[in-house]
DNA sequence: TTGTACGCGTTATCAC
DNA sequence: GTGATAACGCGTACAA
């Protein structure tokens, strides 16, 4: 709370002196040791905290580069953020210093509590990831005067970067149909996510269209533990298993593989398993997991570019970018 | 580059008007549509980018809270950052709004290129994670006027938060000795890391002290792929395998398990495997991985608290905090 | 060591 | 009704 002016007053010196002392330039400026000490003591008493904004405003020879923030939820989906960031780092203008990047965690469903979206005092634009339905609702209803890009969500109001999740669901179903599956099942994480809903919808409608039977829609939490326990109880309880299970989350599929091992269900012979995202680990499970590759890295770069274009006012109306996902066949399917 | 004053001049209006238009308050302030349009056009021509610092400085009824930054490398170790952040979120004063948290990626070995450490124009303090030897060197030599805490590194100059990595290495060796192992091996990621070096050192010296034989020190990159390929070539080439292999990285251990499966080496019967970190996935490999639990969450909170204390000048000399890691026995060891 | 102009957006006050 | 003016926030750095 205290400013250097208050310190100056209490210590009986000028603001210049305080500034020098506090920045370790007292030697260069030949401030006396006594004065220095006095200033330091008062600063401590007053709990001085330098104002970053003021400092920065003054030093603004630092060329003005846009500050962009990634709003990401701090939950189990954290694994994808590393791919997102690596995508940005490797393939964008980040390394040329064309923008500054911040990551700001937020709690799922509580986007409305992120003050800086209103005040505009933190960043020039934001990429919002993992927005829940409430969060989207909030965004649609509120008039934010900050450039935004939504990652993996749809909106008419803002630019978006997506994969066609319905198509993904459909393609997986078609693949299973080609492989001769008749009875299938799907496992859905209990998170509020448009993308997940669309994958489910696309899958179920294609299953129906193709004349297959969907035996189960199972739900549990997003993690390995969720996949593990949902499959354990499925296997224990029911006689009839599908021939394949599509997990809308890789960690869940990983957990499921262990459950199968423990209960003597052979993957892929007794049960085939397909995941979603292509997390790093999935190539090294036993057996390696067949999964849908989500082009996170490319989408990350696209999100940043969209946002920069919006900030620079090269883009005046919202744009929707659509990417394609791709089924990676590994050993957990036949 | 352009300021609202320049826009005002070019558009032939006052700065107040420009500000109102740019903030969507033109209605409320009853600015004529023509003026509004003129301002908007000029702003676009000039490529106006609002100065976040100026904005923020003005709005500083926003109570001053310290801004702290986590400097984290954007490499494979990304999995740990999610645990780090979750630790902060769940157990610290973050949720009370006592500080603002930013994450700033940096490239390993290039900490010296992080300008804001010099200028002090971004944050009130920083937690530095994954510093390489060069980075540490840089920190020791340079006089940064910014409060710092080093995560998982030692320093006399700055406060640090660590686990006793030598002790970890020693304890693993002792456990193996108790279990009757005679011939062991260790796999080391090829990253520059004090913590890794200490674990290795502690392990090797204890192995020697206890009269066991260390057959291999294998090195490859930090990832699943690294562990996979190093073990594949080990098994293919050599006749004599150790009875246990200690991996100083969980992902490597995960990759190794798959390599073993593929080559018919049974885990743990033919070869026992121990990892390090207790990544989320390790509880769900097949078999579940015995690993060293790194108390990332607790260390994260401690780092934040140390840093806040330093920023608030409650702490005037560097403090070193030491945590204990813990061996989690699962099924990849007998 | 001190005094003070400066950086830039916001907003309350004042004027036409 | 519309719009201009100026004070303000706070740390920095240069002239005195």
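Chains as they are written, first to last, in this note's numbering: chain A, 30 to 363; chain B, 30 to 363.
C-beta atoms are modelled at their ideal positions from N, C-alpha and C, and glycine is treated no differently.
Keep in mind that this is a model prediction, so the values were computed, not measured.
Exercise. Chain A beta carbons: is any one of them nearer than 8 Å to that of residue 251 of chain B?
Worked result: Interface flag for residue 251 of chain B against chain A is unset, since no Cβ pair is found closer than 8 Å.
Problem set entry | Within chain B, the residues that residue 290 of chain A reaches when beta carbons sit closer than 7 Å | Think of a sphere of 7 Å around the beta carbon of residue 290 of chain A: the chain B residues whose beta carbon falls inside it are 315, in chain order.
Exercise. Are there three or more Cβ pairs, one per stretch, closer than 8 Å when the stretch 331-339 of chain B is compared with the stretch 185-194 of chain B?
Worked result: Judged by Cβ distances under 8 Å, the stretch 331-339 of chain B makes contact with the stretch 185-194 of chain B, as three or more pairs qualify.
Exercise. Under a CB-based cut-off of 8 Å, is residue 362 of chain A close to chain B?
Worked result: Residue 362 of chain A has a beta carbon lying at 8 Å or more from every beta carbon in chain B.
Problem set entry | Per-residue burial, residue 166 of chain B [other beta carbons within 10 Å of its own, 16 or more giving buried] | Of the other Cβ atoms in all chains shown, fewer than 16 fall within 10 Å of the Cβ of residue 166 of chain B; this residue is therefore exposed.
Exercise. Among B/153, B/84, B/35, B/285, which residue has its Cα nearest to the Cα of residue 248 of chain B?
Worked result: Distances from the alpha-carbon of residue 248 of chain B to those of B/153, B/84, B/35, B/285 put B/285 closest.
Exercise. Comparing alpha-carbon positions, which option in A/304, A/70, A/95 lies nearest residue 201 of chain A?
Worked result: Nearest of A/304, A/70, A/95 to residue 201 of chain A, Cα basis: A/304.
For this session: Count the other CB atoms, across all protein chains shown, that sit within 10 Å of the CB of residue 154 of chain A; report buried if there are 16 or more and exposed otherwise.
Result: Residue 154 of chain A should be labelled buried.
Exercise. At which residues does the beta strand (DSSP E) containing residue 352 of chain A begin and terminate?
Worked result: Taken as a continuous stretch (DSSP letters only), the beta strand (DSSP E) holding residue 352 of chain A covers 349-352.
Exercise. So does the stretch 222-236 of chain A actually touch the stretch 272-279 of chain A, counting three or more Cβ pairs closer than 8 Å?
Worked result: Proximity of the stretch 222-236 of chain A to the stretch 272-279 of chain A meets the contact definition, three or more beta-carbon pairs being nearer than 8 Å.
For this session: In the DSSP assignment, find the alpha helix (DSSP H) that holds residue 188 of chain B and state where it starts and stops.
Result: Here residue 188 of chain B belongs to no alpha helix (DSSP H); instead the beta strand (DSSP E) covers 188-192.
Exercise. In whole angstroms, what is the alpha-carbon distance linking residue 150 of chain A and residue 129 of chain A?
Worked result: Rounded to whole angstroms, residue 150 of chain A to residue 129 of chain A spans 15 Å at the Cα level.
Exercise. Taking Cβ-Cβ distances shorter than 7 Å, what residues in chain B pair up with residue 88 of chain A?
Worked result: Those within 7 Å of residue 88 of chain A in chain B are 148, 150.
Exercise. What residues in the stretch 263-287 of chain B have a beta carbon less than 8 Å from any beta carbon of chain A?
Worked result: Residues of the stretch 263-287 of chain B with a C-beta less than 8 Å from any C-beta of chain A: 280, 283, 284, 286, 287, listed in chain order.
For this session: Could you say which of A/354, A/203, A/220, A/343 lies nearest to residue 327 of chain A if we only look at CA atoms?
Result: The shortest Cα separation from residue 327 of chain A among A/354, A/203, A/220, A/343 belongs to A/354.
Exercise. Taking DSSP as the reference, what is the three-state secondary structure of residue 86 of chain B?
Worked result: Collapsing the DSSP output to three states places residue 86 of chain B in a helix.
For this session: Could you check what DSSP says for residue 255 of chain A in three-state terms: helix, strand or coil?
Result: DSSP places residue 255 of chain A in helix when its eight states are reduced to three.
For this session: May I have the straight-line CA-CA distance separating residue 41 of chain A from residue 76 of chain A, to the nearest angstrom?
Result: Just so you know, the alpha carbons of residue 41 of chain A and residue 76 of chain A end up roughly 17 Å apart.
Exercise. Between which two residues does the beta strand (DSSP E) carrying residue 305 of chain A extend?
Worked result: Note, residue 305 of chain A: beta strand (DSSP E), 301-306.
Exercise. Taking buried to mean at least 16 other C-beta atoms within 10 Å of its own C-beta, is residue 246 of chain A buried or exposed?
Worked result: Residue 246 of chain A counts as exposed, since fewer than 16 other C-beta atoms from the protein chains shown sit within 10 angstroms of its C-beta.
Exercise. Listed in chain order, which residues of the stretch 168-201 of chain A have Cβ atoms closer than 8 Å to some Cβ of chain B?
Worked result: 172, 174: these are the residues of the stretch 168-201 of chain A whose beta carbon lies less than 8 Å from some beta carbon of chain B, given in chain order.
Exercise. Are the beta-carbon atoms of residue 113 of chain A and residue 131 of chain A separated by less than 8 Å?
Worked result: Inclusion of residue 113 of chain A and residue 131 of chain A in the CB contact set at 8 Å is not warranted, their separation being larger than that value.
For this session: Going by DSSP, name the residue or residues bridged to residue 228 of chain A.
Result: None; residue 228 of chain A has no bridge partner.
Problem set entry | Of the listed residues A/300, A/242, A/237, nearest to residue 263 of chain A (C-alpha basis) | For the residues A/300, A/242, A/237, the minimum Cα distance to residue 263 of chain A belongs to A/300.
For this session: Closer than 7 Å by beta-carbon distance: list the chain A residues that pair up with residue 52 of chain B, in chain order.
Result: Within 7 Å Cβ-Cβ: 174.
For this session: State the DSSP-derived secondary structure class of residue 152 of chain B, mapped to helix, strand or coil.
Result: DSSP places residue 152 of chain B outside both helix and strand once states are collapsed to three, so it counts as coil.
Exercise. For residue 299 of chain B, which residues in chain A fall below 9 Å Cβ to Cβ?
Worked result: Against chain A, a Cβ distance below 9 Å from residue 299 of chain B picks out nothing, because the smallest value is about 15 Å.
Exercise. Since residue 322 of chain B is in the beta strand (DSSP E), which residue starts that stretch and which ends it?
Worked result: DSSP places residue 322 of chain B inside the beta strand (DSSP E), whose first and last residues are 319-322.
For this session: Could you tell me whether any Cβ in chain A is nearer than 8 Å to the Cβ of residue 257 of chain B?
Result: Under the Cβ distance rule, residue 257 of chain B counts among the residues neighbouring chain A, one pair being separated by less than 8 Å.
Problem set entry | Beta-carbon neighbours of residue 341 of chain A, restricted to chain B and to distances below 7 Å | By Cβ distance, chain B contributes 76.
Exercise. Roughly how many angstroms lie between the CA atoms of residue 136 of chain A and residue 102 of chain A, to the nearest whole one?
Worked result: Answer to the nearest angstrom: the Cα atoms are 5 Å apart.
Exercise. For residue 153 of chain A and chain B, any beta-carbon pair shorter than 8 Å?
Worked result: It does; some Cβ of chain B falls within 8 Å.
Exercise. Could you give the C-beta distance for residue 44 of chain B and residue 59 of chain B, rounded to a whole number, given that I count them as a contact under 8 Å?
Worked result: 17 Å between Cβ atoms; not a contact.
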